Amino acid sequence: MIMKRFLLSLMMLSTFAFLTSAQKYGFVDTEYILGNIPEYEAAQEKLNEMSVEWQKEIEEKFAEIDKLYKAYQSESVLLPEDLKRQREEEIIQKERQAKELQKQRFGQDGDLFKKRQELVKPIQDKVFNAIEEIATTKSYAFVFDKAGGMTMLYANPRYDLSDEVLRKIGNVVDTN
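Numbering (my numbering), first residue to last: 46 to 221.
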């Protein structure tokens, strides 16, 4: 009886080990990879240069506004009301323009984002395509990125259980 349990346990353990070894996992370090691609380094440097230039441009606008505001404060006691309002409006308008320029350069869909998409994304796509090609040719089930906190970069669609889960909970999915 004990021998039978031992053999059954051994067989189950062997089966589990075989099943888990059948799936290959891999990882990459995208920071290391990108850091060793000269085009990526050049693109990053160009983005940094543009960012510094644009930040300087914006700081100059805000310095001009600050100068106008200080001049307005020192002269405001001597100015008639209509001229005061005119100067205030001028300062407010210039501040709006500076903030709009800042948003245009560094906003969510700003110039820096667009330039990054133009310069860096093709390199990142090339790296991802290489990872995907290696994963499929060498039969990896999953490839993770250790640089990004173990982010999954590639998953073999064969192991996607999403439709099976939907069927299990009663939502039938057409998987043409």
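We put the CB at the ideal spot given by N, CA and C, even for glycine.
The structure presented is a predicted model; accordingly, all values stated were derived computationally and were not measured.
Between the CA atoms of residue j and residue i - distance to the nearest angstrom
i      : j      : result
Glu84  : Thr182 : 26 Å
Glu94  : Gln162 : 16 Å
Leu52  : Gly71  : Residue confidence is low: Leu52 scores 46 on pLDDT, short of 50, so the model does not pin down where it sits. Its coordinate-derived value is still stated next. Distance between the alpha carbons of Leu52 and Gly71 is about 33 Å.
Thr75  : Glu135 : 49 Å
Ile214 : Tyr204 : 19 Å
Lys106 : Gln142 : 9 Å
Gln169 : Arg212 : 36 Å
Ile124 : Arg130 : The sequence given here places Leu at residue 124; Ile does not occur at that position. So the alpha carbons of these two residues sit roughly 10 Å apart.
Lys112 : Lys166 : 41 Å
Gln147 : Tyr114 : 19 Å
Pro202 : Phe187 : 10 Å
Glu120 : Asp127 : 13 Å
Lys69  : Tyr199 : 12 Å
Ile110 : Lys144 : 11 Å
Glu104 : Val122 : 28 Å
DSSP-derived helix/strand/coil call for residue i
i      : result
Lys191 : coil
Lys91  : helix
Gly215 : coil
Lys101 : helix
Glu209 : helix
Close beta carbons around residue i, own chain, < 6 Å, minus the five adjacent residues each side
i      : result
Tyr117 : Arg132
Lys191 : Phe72 and Asp74
N- and C-terminal bounds of the alpha helix (DSSP H) containing residue i
i      : result
Tyr204 : First-last for Tyr204: undefined, no H or E at that position.
Limits of the beta strand (DSSP E) - the one that residue i falls within
i     : result
Lys69 : Lys69 to Val73
Nonlocal neighbours in the same chain, by C-beta distance under 8 Å from residue i, ignoring five residues either side
i      : result
Leu164 : Ala88, Lys91 and Leu92
Trp99  : Arg150, Phe151, Asp156 and Leu157
Tyr77  : Ala192
Same chain, Cβ closer than 7 Å to residue i, neighbours up to 5 away in sequence not counted
i      : result
Thr196 : Phe189 and Asp190
Ser207 : none
Gln138 : none
Inset, instruction - Would you list, in sequence order, the uninterrupted alpha helix (DSSP H) runs of no fewer than 4 residues that lie entirely inside the stretch 105 to 171? - result: Here the runs fully enclosed are 126 to 151 and 156 to 164.
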